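Read through the structure below, which is laid out as structure tokens, and then see the notes.
Numbering (our numbering), first residue to last: 37 to 426.
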């Protein structure tokens, strides 16, 4: 599937945002930033350097830079670093390039911060100290907003890639549904989904949990739990089964969680499934242009309170999604970090809902949603309502 991405236009949008933030040269180290600028999968400690006058360089580990160069639109502007070679480490090369480009006394944007993701790629404290020491006349500013703002709103080609990734997740859920039965282990269920996704072109298993997330029985009902790597637990009749699948196509993610009940549900399971379905549909209805992140969060908390399930729910209702590494901005939480965010057309957000009741079971919603001019489009087609496996 050949999809056109206008990378020069993307770089121009980044430079415009740099100007808004007062940044002369951007030293981006986060995985999402390096992948977004290079158009390639770059898993190592790397940087993307962009100057206001049009120069770009991506630097990654020497052992992988030839592959990245071949797969990136940047070609020879991809170079390699060797952390054990004197003068050839990543930050030493960044300093040398900033100096040679004439930006040693300018405003340098770096990516400072923290994240619930273990490997987000923010600048390390030791790297920052090296920059301060070696570029004493520069002014450093935190520039995480530059790539965050530009990459949150998707280009036409990005949307096409994300729709393909979503279709792969849908097909994998169908494969799981067709095979799901008592006697399978959670690990086997993960394998069924993964095999289907790979056969359909998924390139990379992306979540930080290291696997498709599968839970069954009591493992679906851990309090506040939104993370369930699979185990060798064997699915039993009467179990709730949670299947959370993650595909990547053209370096773009999808994220689809669906819920199953093995056999005839109990009355308590039926009530939980109905409450979950209503809350999930309510959440999706709120993901529209003009909606503010804190308002969505509060409306969800009010809905769950009135339904009698707020004590069973994880108090977070979405996260961003896009290119490799983009799985946070913006998150629908109660904190200050995203309190200023207003949803706008072409922003993509994973609608997320966790309702777990110990002793009964648990359900998880994750599905990618595209904000449109008039509302939204759920990119996956798998139903929201849990599936009963007779």
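Here a beta-carbon is modelled for each residue, glycine too, at the ideal position from N, C-alpha and C.
A quick note: this is a predicted structure, and the numbers were derived from the prediction, not measured.
Check: Would you identify the three-state DSSP class for residue 298, choosing helix, strand or coil?; Outcome: strand
Check: Rounded to the nearest angstrom, what separates residue 72 and residue 164 at their Cα positions?; Outcome: 22 Å
Check: Does the separation of the CB atoms of residue 292 and residue 233 fall below 8 Å?; Outcome: no
Check: Which value, in whole angstroms, describes the spacing of the CA atoms of residue 58 and residue 418?; Outcome: 44 Å
Check: By alpha-carbon positions, which one of 351, 320, 85, 201 ends up nearest to residue 286?; Outcome: 201
Check: Can you look up residue 148 in the DSSP assignment and give me helix, strand or coil?; Outcome: coil
Check: Leaving out five residues before and five after residue 316 in sequence, what residues of the same chain have Cβ atoms less than 6 Å from its Cβ?; Outcome: 389, 401, 420
Check: Using 8 Å as the limit for Cβ to Cβ distance, is residue 263 near chain B?; Outcome: Absent here is chain B; the protein component of the structure consists of one chain.
Check: Any idea if residue 395 is buried or exposed, counting beta-carbon neighbours within 10 angstroms, 16 or more meaning buried?; Outcome: exposed
Check: Which word fits residue 336, buried or exposed, when buried means at least 16 other C-beta atoms lie within 10 angstroms of its C-beta?; Outcome: buried
Check: Roughly how many whole angstroms lie between the Cα atoms of residue 338 and residue 331?; Outcome: 10 Å
Check: What do you get for residue 190, buried or exposed, if any count of 16 or more other CB atoms within 10 angstroms of its CB means buried?; Outcome: buried
Check: Output needed for residue 178: all residues of its chain with C-beta closer than 8 Å, excluding positions within five of it in sequence on either side, in chain order.; Outcome: 145, 146, 147, 148, 149
Check: Looking at residue 296: is its Cβ nearer than 8 Å to the Cβ of residue 423?; Outcome: yes
Check: In the DSSP assignment, find the beta strand (DSSP E) that holds residue 404 and state where it starts and stops.; Outcome: 397-407
Check: Look up residue 93 in the DSSP assignment and say whether it is helix, strand or coil.; Outcome: strand
Check: Which residue from 290, 170, 248 puts its Cα closest to that of residue 2?; Outcome: For residue 2 there is no data in the structure shown, the boundaries of the chain being 37 and 426.
Check: List the DSSP bridge partners of residue 319.; Outcome: Partner(s): none; residue 319 has no beta bridge.
Check: Below 7 Å CB to CB, which residues in the same chain sit around residue 53 once its five sequence neighbours on both sides are set aside?; Outcome: 182, 185, 186
Check: Using the Cα positions of residue 320 and residue 166, report the straight-line distance between them to the nearest angstrom.; Outcome: 46 Å
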